[in-house]
Amino acid sequence: MTDTASTTTTQPTPEERLANFHRRREESVKQPQGSLALVNTQWITGAVDAAQTVWGVPGTYYPLPAGEKGIRLVAAAADGISVDGEVVDGEVTLFARDAEKASAIRFDDHTTGTVIVNEPGDQYGLRVWDSQADDLLAFGSIDAYAYNPEWVINATFTPVEGLSVGFEHLKDEGERDTAIPGEITFRKDGVDYNLAAFKSGRALQLVFGDSTNGDESYSVGRFLFVAPSPDGTITLDFNLAVLPPCAFSYQFNCPMPPKQNRFDVPIRAGEKQVLKADGSPLHEF
25 MTDTASTTTT QPTPEERLAN FHRRREESVK QPQGSLALVN TQWITGAVDA
75 AQTVWGVPGT YYPLPAGEKG IRLVAAAADG ISVDGEVVDG EVTLFARDAE
125 KASAIRFDDH TTGTVIVNEP GDQYGLRVWD SQADDLLAFG SIDAYAYNPE
175 WVINATFTPV EGLSVGFEHL KDEGERDTAI PGEITFRKDG VDYNLAAFKS
225 GRALQLVFGD STNGDESYSV GRFLFVAPSP DGTITLDFNL AVLPPCAFSY
275 QFNCPMPPKQ NRFDVPIRAG EKQVLKADGS PLHEF
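Mapping of the sequence shown onto the working numbering: residues 25 to 309, in sequence order.
Here it is, written out as structure tokens:
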């Protein structure tokens, strides 16, 4: 008789899964178009013949007529700009993700560009990324809390049609009325919570604040991406809460937590702050 050796598969602990998530996060923000590399965001608006320059890169930029998608770029071959692998010598339309294909823009060996579009789809802007940006070169790590099982919450997602919430953005005056697909509700420590999360691809994006903001964690708040199950149950694992992009670059315009998403208690789980290599904060709280 032949002995058959049995093998067992050891599942990673929650702490190990969180450590892996954290490593992937730090790698993602260091990419050539990661959050640390954004050095400029400029909206190209106004009359179609209103020539604009963009700080840090060559070329002249124009808005397109109403209803058309993208930005018009005029450049000479000597400017060294390539779009989708072709050097621009004349004019070309730069497209965002709302077109069939977003344009791949390269200014030099370490500077690239992408076109963004606002939510109504009527304004376009240019983002400039630099893989040698000061913030990227200074980056050390993302400081985070240790795994905290108290902030793994079983909640309920209830779809609601026609629901919207006013979201204030960091660089805007006033609120943007944003459609949300429903409500997230749960009870913790005797307190009932009703949270608003807007749609982000196939997931929901929860923008929240808590009493650690501006002291232990980044002042603007944090994000948590979650997906409800078909039966409406949803797990809020705040250990996976991440810092908003504006914690890495001032060129992002992040949404602020709406009133119903501001916790009066500390949520000591998830990311806290971006640190330089010497351990000091990359940006002020």
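Ideal placement from N, C-alpha and C gives every residue a C-beta, glycine not left out. Keep in mind the model is a prediction, meaning the values are calculated, not measured.
Cβ-Cβ distance between residue i and residue j below 8 Å
i    : j    : result
P82  : A99  : yes
K212 : I258 : no
A75  : W175 : no
A251 : L228 : yes
V78  : V152 : yes
L306 : D154 : no
G256 : T182 : yes
Nearest neighbour of residue i, chosen from the options [CA to CA]
i    : options                  : result
G91  : A162, F287 and A123      : A123
E40  : A170, S52 and A157       : A170
L248 : H46, K195 and A221       : A221
C278 : E50, S127, N142 and K195 : K195
V215 : K93, Q284 and P38        : Q284
Inter-residue Cα distance where the pair is residue i and residue j
i    : j    : result
R121 : G70  : 21 Å
G303 : A162 : 10 Å
P281 : R200 : 12 Å
R48  : V72  : 42 Å
T33  : L42  : 19 Å
P254 : E207 : 15 Å
F262 : L219 : 14 Å
F119 : K125 : 7 Å
S273 : A101 : 31 Å
E192 : N64  : 21 Å
G198 : G245 : 18 Å
S44  : N172 : Checking the displayed sequence, the identity of residue 44 turns out to be Asn instead of Ser. Going by the C-alpha atoms only, they are around 16 Å apart.
T37  : F276 : 34 Å
V184 : L230 : 16 Å
E110 : L88  : 21 Å
D103 : A157 : 21 Å
G238 : N142 : 29 Å
P205 : L260 : 17 Å
Q35  : H46  : 18 Å
E308 : E50  : 19 Å
K93  : E240 : 43 Å
Nonlocal neighbours in the same chain, by C-beta distance under 6 Å from residue i, ignoring five residues either side
i    : result
F210 : I177, A179 and Y217
S224 : none
F287 : D234
A301 : G164
Y242 : L267, A271 and Q297
R130 : S106 and T136
S52  : G58
7 Å Cβ shell around residue i - same chain, five flanking residues per side excluded
i    : result
L150 : Q66, I68, V78, Y85, I95, G137 and V139
S127 : V107, D108, L118, F119 and V139
Residues near residue i in its chain [Cβ-Cβ closer than 8 Å; skip 5 each side]
i    : result
R226 : A251
D132 : G104
Cβ-heavy atom distance, residue i to the ligand ADP, below 7 Å
i    : result
E295 : Ligands displayed in this structure: none; no statement on the ligand ADP is therefore possible.
8 Å Cβ cutoff, residue i in contact with chain D
i    : result
N178 : In the structure shown, chain D cannot be found, because there is only a single protein chain.
Segment contact, 8 Å Cβ cut-off, at least three pairs: the region 106 to 116 with the region 180 to 191:
no
Evaluate contact between the region 287 to 305 and the region 255 to 273, counting only Cβ atoms and requiring at least three cross-stretch pairs below 8 Å.
yes
When the Cβ atoms of the region 160 to 171 are set against those of the region 131 to 148, are three or more pairs found closer than 8 Å?
Contact annotation: the region 160 to 171 does not touch the region 131 to 148, with fewer than three C-beta pairs closer than 8 Å.
Should the region 46 to 65 be regarded as contacting the region 136 to 143, the criterion being three or more beta carbon pairs within less than 8 Å?
Flag = yes, the region 46 to 65 and the region 136 to 143 touch.
Is the region 278 to 293 in contact with the region 224 to 234, if contact means three or more CB pairs nearer than 8 Å?
yes
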